[in-house]
Each structure stands twice: as C-alpha cells, then as structure tokens.
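> I am attaching a structure below and will ask some questions about it afterwards.
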Amino acid sequence: MIPGPFEYHRPGSVDEVIALLGEFGDDGRVIAGGHSLIPMMKLRLAVPDHVIDLRDVGGLDGISEDGGTIVIGAMVTQAEVLASDLLASKCPILAEAAALIADPQVRYLGTVGGNVANGDPGNDMPALMQCLDAAYVLKGPKGEREVAARGFYEAAYFTARGDDELLTSVRIPTPAAGHGSAYEKLKRKTGDYATAAAAAVLSMERGTCTAAAIALTNVADTPLYAEAAGAALVGSTLDEAAVAAAVEAAKAITAPASDLRGPAEYRTYVAGVMVRRAIERAEARATG
Ligand SMILES: Cc1cc2nc3c(=O)[nH]c(=O)nc-3n(C[C@H](O)[C@H](O)[C@H](O)COP(=O)(O)OP(=O)(O)OC[C@H]3O[C@@H](n4cnc5c(N)ncnc54)[C@H](O)[C@@H]3O)c2cc1C
0 MIPGPFEYHR PGSVDEVIAL LGEFGDDGRV IAGGHSLIPM MKLRLAVPDH
50 VIDLRDVGGL DGISEDGGTI VIGAMVTQAE VLASDLLASK CPILAEAAAL
100 IADPQVRYLG TVGGNVANGD PGNDMPALMQ CLDAAYVLKG PKGEREVAAR
150 GFYEAAYFTA RGDDELLTSV RIPTPAAGHG SAYEKLKRKT GDYATAAAAA
200 VLSMERGTCT AAAIALTNVA DTPLYAEAAG AALVGSTLDE AAVAAAVEAA
250 KAITAPASDL RGPAEYRTYV AGVMVRRAIE RAEARATG
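Per numbering that gives the first Met the number 0: the sequence shown = residues 0 to 287.
Next comes the structure, spelled out in structure tokens:
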C-alpha cells in the first residue's frame, strides 16, 4: 500500500508539462485529481519515476460554449460538472453521470481529463463522451491535435494519447435543443464502479426518432460506442420492436469479464437492461 519512490514536479504551464513529458517519456505521469493514479501507485500497478502535478498549470480549467461546441477544461472536477448551469441546460447527461461517480470526496478532486484519459473501462465519462461524439484535445511537442472519443480507447489503459501528450480539454458538439438523454448505471453500492452502465442521447420529431446514440460502460476492455443500437432506433417511433433491436445490438458487442460484479452473462444481461432504461428515460425527456 506504499507507492514506489518518485520525483515530484510542479510546473506552472502546459508548455512546461509537455517538456517534462518529452524528457521522461513512459517514466513520467501527470497527476490531476489523483483518485485513480494514487490507488494504482499504492498497489504498484503504476510505478512512475516522475509525477508531474497539474494543479498549478493554467488554462486547463473552465466550462464554456464556443459556437456550437461545449468546451470542458481537463482540470474541471466532477463536482464542477455537477454545479455547472451551462451543462445543466445544454448537456444534462454529464451531471447525471457525475452524480453516480464515487462519493463527494472523490468528485471534489477527480477531474474530467483524468477520467477520460485514464483508460480504465470502469470510468463513466468515456462512454458518455462517445455517446456525445466528443473530441479530446491533445497537446504535445509536435503541436495540438484532436482525437474523437469514439476512436481513442484501444484496450484497458491503452489509448491513442502519446506518452508526451497532455489532454488539455474535451470538446462536445452542443446536443440539439430538445434532445433527451439518460445515463443508467447499476452498481453494487455507493462508491462502486458499474456492473454495467449505458448512455443514451436521442432526438424526436413528431413522435419519430430522428437521431440516437448509445454507449456502454464497463462491459468490455474499453468503453463501447454501440453504433448499431443507435441506428436501430432512428426512423422508428421507439416502439417495442425498435427498442428490442437496439438492446440486442448493444448486447452483441459486449465482452465483459466475469468478476466480483458477476459472471459475464449476467453483466451482458444487465447492459441490456441499462440500455432499455436509458432509451425509455431519454425518450421521456425529449421534446418534439
Ligand atoms: C473510491 C473510488 C470510487 C470511484 N468510483 C468511480 C466510478 O464509479 N466511476 C468513475 O468514472 N470513476 C470512479 N473513480 C475514479 C475517479 O473518478 C477518478 O478521479 C478519475 O477516474 C480520474 O480522475 P483524476 O483527476 O483523479 O485522475 P488521476 O488519478 O490524477 O489520473 C488518472 C490517469 O489519467 C492521467 N491523466 C490525468 N489527467 C490527464 C491529462 N490532463 N492528460 C493526460 N493524462 C492525464 C494520469 O497520468 C493517470 O494515468 C473512483 C475513485 C475512487 C477513489
């Protein structure tokens, strides 16, 4: 339960962070809220020689809207997501999911950037970002680039981020006015990661579904964007046949491990239940 030895760095700017990451490569790790990294270090699952603290780094905070895009700084905490009026009115699924993460102590420190960069399939924000078609802004020695959340996750703890890149913000196309959304998560107790969870974002027009996206948490090595599940809903009235088709399409791409949260078959079943509930609640919240 005691981390290995490491050197602590506290830079003040993004450029300094990138220089340090460039110098240390795989031996360096940034620390944001520390609520995933420190437990991993205590278990010696992460043994960085250099820990680079982001807390004094400017320009990584704030939630704003830029044209039709919501921009969330990497160091925005889950508590700040919960308190944001902008997100409450334009993208409420983020706060709904943040409220289901851990407990207030964790949410006061845990950041959006840390949650999406971590690569833990149990983290809740990655599937949300896939559902919302978000992009991650990565800054490294070669400049800045954007990677779609739907293409970012490669395997458990492996992502498209280079060792020398910092995730500086998340950019989310502002969901359509009148959209409905829901995040459904089954967990064994408060503070637990999901047995399975599902995000749904959809739009309705005169009773017909005109757009739909579904994504899943903790039922594979990576978050899962369930493209076929969303497609099964579009053009339908969200009748039983369409919802059942979406549920089956989502279940078909799951590959959960059997673990203390239950056998794989159970977790796949729960994923289906979460998808159905998320669709039903998103529909009830959609106007149009
Ligand atoms: C008891 C407990 C229960 C929890 N339950 C849940 C849960 O149900 N759902 C959930 O989603 N999370 C849960 N968490 C995790 C929590 O939400 C973490 O805070 C979050 O996953 C990581 O955010 P962080 O800011 O703490 O990141 P850190 O722990 O500081 O970092 C995590 C990883 O991301 C990297 N990183 C951080 N920021 C950046 C950046 N800007 N650019 C590049 N890399 C970066 C770090 O190097 C590290 O590898 C739980 C944590 C605890 C302690």
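Think of the CB as a built atom: it goes at the ideal place given N, C-alpha and C, for glycine as much as any other residue.
Can you list, in chain order, the residues of its chain whose CB lies under 6 Å from that of residue 170, leaving out five sequence neighbours each side?
Translated into positions along the sequence shown, residue 170 becomes position 171. Hits under 6 Å: 68, 70, 134.
> When you compare each of 78, 91, 82 to residue 103 by their alpha carbons, which one comes out closest?
In the sequence shown, counting from the first residue as 1, residue 103 sits at position 104. That would be 78, whose Cα lies nearest to the Cα of residue 103.
> Taking DSSP as the reference, what is the three-state secondary structure of residue 157?
The count along the sequence shown starts at 1 and reaches residue 157 at position 158. Of the three classes helix, strand and coil, the one that applies to residue 157 here is strand, per DSSP.
> Please list, in chain order, all residues of the same chain as residue 173 whose beta carbon is under 6 Å from its beta carbon, the five residues on each side excluded.
Within the sequence shown, numbered from 1, the residue matching residue 173 stands at position 174. Closer than 6 Å at Cβ, skipping near neighbours: 67, 69, 89.
> Residue 72 to residue 28, Cα distance in whole Å?
Translated into positions along the sequence shown, residue 72 becomes position 73. Translated into positions along the sequence shown, residue 28 becomes position 29. About 19 Å.
> Nearest-angstrom Cα distance between residue 85 and residue 180?
Residue mapping note: residue 85 aligns to position 86 of the sequence shown, counting from 1. Residue mapping note: residue 180 aligns to position 181 of the sequence shown, counting from 1. Taking the straight line from one Cα to the other gives about 16 Å.
> Check whether the segment 115-133 and the segment 42-51 are in contact - that is, three or more C-beta pairs closer than 8 Å.
Taking 8 Å as the limit for Cβ pairs, the verdict is that the segment 42-51 does not touch the segment 115-133.
> Where does residue 25 fall in DSSP's three states?
Taking the sequence shown and counting its residues from 1, one reaches residue 25 at position 26. Note: residue 25 maps to helix in three-state DSSP.
> Short check: CB of residue 287 to CB of residue 164, under 8 Å?
Start at 1 with the first residue of the sequence shown, and residue 287 comes out as number 288. Start at 1 with the first residue of the sequence shown, and residue 164 comes out as number 165. No, the pair does not count as a contact, with Cβ atoms beyond the cut-off.
> Need the endpoints of the alpha helix (DSSP H) that residue 263 sits in, please.
Counted from its first residue, the sequence shown places residue 263 at position 264. Residues 263-284.
> Helix, strand or coil, according to DSSP, for residue 184 in the structure here?
The count along the sequence shown starts at 1 and reaches residue 184 at position 185. Residue 184 falls in the strand class under three-state DSSP.
> Would you call residue 44 buried or exposed, if buried means 16 or more other Cβ atoms sit within 10 Å of its Cβ?
Taking the sequence shown and counting its residues from 1, one reaches residue 44 at position 45. Answer is exposed; the Cβ neighbour count stays below 16.
> Quick one: is residue 82 buried, meaning 16 or more other Cβ sit within 10 Å of its Cβ, or exposed?
Your numbering for residue 82 matches position 83 in the sequence shown. Burial call: exposed.
> Flag this pair as yes or no: are the beta carbons of residue 228 and residue 274 separated by less than 8 Å?
One-based indexing of the sequence shown puts residue 228 at position 229. One-based indexing of the sequence shown puts residue 274 at position 275. Yes, the pair counts as a contact, with Cβ atoms nearer than the cut-off.
> Can you find the residues in the same chain that come closer than 7 Å, C-beta to C-beta, to residue 159, ignoring five residues on each side of it along the sequence?
For the purposes of this step, residue 159 is identified with residue 160 of the sequence shown, where counting begins at 1. The answer, listed in chain order, is 146, 150, 151, 153.
> Rank 75, 143, 98, 95 by C-alpha distance to the C-alpha of residue 110 and give the top, closest one.
The residue given as residue 110 occupies position 111 in the sequence shown. The option with the nearest alpha carbon to residue 110 is 75.
> Counting along the chain, where does the beta strand (DSSP E) carrying residue 51 start and finish?
Position 52 of the sequence shown, counted from the start, is the residue given in the question as residue 51. Start and end: 49-52.
> Have a look at the DSSP bridge pairing and note the partners of residue 203.
Locating residue 203 in the sequence shown gives position 204, counting from the first residue. Paired residues: 208.
> When the distance is taken between beta carbons, is residue 202 closer than 8 Å to residue 214?
To locate residue 214, count along the sequence shown from 1; it is residue 215. To locate residue 202, count along the sequence shown from 1; it is residue 203. For residue 214 and residue 202, no; Cβs fall outside 8 Å.
> Measuring CB to CB, does residue 129 end up less than 8 Å from residue 262?
Sequence index remark: in the sequence shown, residue 129 carries index 130 (1-based). Sequence index remark: in the sequence shown, residue 262 carries index 263 (1-based). No. Outside cutoff.
> Are the CB atoms of residue 231 and residue 244 within a distance shorter than 8 Å?
Working through the sequence shown from its first residue, we reach residue 244 at position 245. Working through the sequence shown from its first residue, we reach residue 231 at position 232. Yes, Cβ-Cβ distance for residue 244 and residue 231 is below 8 Å.
> Please tell me whether residue 16 and residue 56 are closer than 8 Å, where the distance is taken between their beta carbons.
Here residue 16 corresponds to residue number 17 of the sequence shown, with the count starting at 1. Here residue 56 corresponds to residue number 57 of the sequence shown, with the count starting at 1. Yes, the pair counts as a contact, with Cβ atoms nearer than the cut-off.
> Compute the Euclidean distance between the alpha carbons of residue 277 and residue 217, then round it to the nearest angstrom.
Stepping through the sequence shown from its first residue, residue 277 is reached at position 278. Stepping through the sequence shown from its first residue, residue 217 is reached at position 218. Roughly 16 Å separates the two Cα atoms.
> When the Cα of residue 65 is compared with those of 117, 168, 20, which residue comes out closest?
Translated into positions along the sequence shown, residue 65 becomes position 66. Checking every option, the nearest Cα to that of residue 65 belongs to 168.
> Could you give the residue range of the alpha helix (DSSP H) that holds residue 113?
Looking up residue 113 in the sequence shown gives position 114. Residues 111-116.
> With a Cβ-Cβ cutoff of 8 Å, do residue 99 and residue 188 count as a contact?
Position 100 of the sequence shown holds residue 99. Position 189 of the sequence shown holds residue 188. No.
> Among 248, 246, 269, 249, which has the Cα closest to the Cα of residue 257?
The residue given as residue 257 occupies position 258 in the sequence shown. Nearest of 248, 246, 269, 249 to residue 257, Cα basis: 269.
> Terminal residues of the continuous alpha helix (DSSP H) containing residue 163?
Translated into the one-based positions of the sequence shown, residue 163 becomes position 164. Taken as a continuous stretch (DSSP letters only), residue 163 belongs to no alpha helix (DSSP H), as it is neither H nor E.
> Check whether the Cβ atoms of residue 11 and residue 140 sit closer than 8 Å, and answer yes or no.
Numbered from 1 along the sequence shown, position 12 holds the residue referred to as residue 11. Numbered from 1 along the sequence shown, position 141 holds the residue referred to as residue 140. Contact flag unset, no.
> For residue 69, report the span of its beta strand (DSSP E) as first-last.
Here residue 69 refers to the residue found at position 70 of the sequence shown. Segment 68-72, the beta strand (DSSP E) holding residue 69.
> Sort 252, 112, 42, 283 by Cα distance to residue 271 and report the nearest one.
On the sequence shown, position 272 is the one that residue 271 refers to. When each option's Cα is compared against that of residue 271, the closest is 252.
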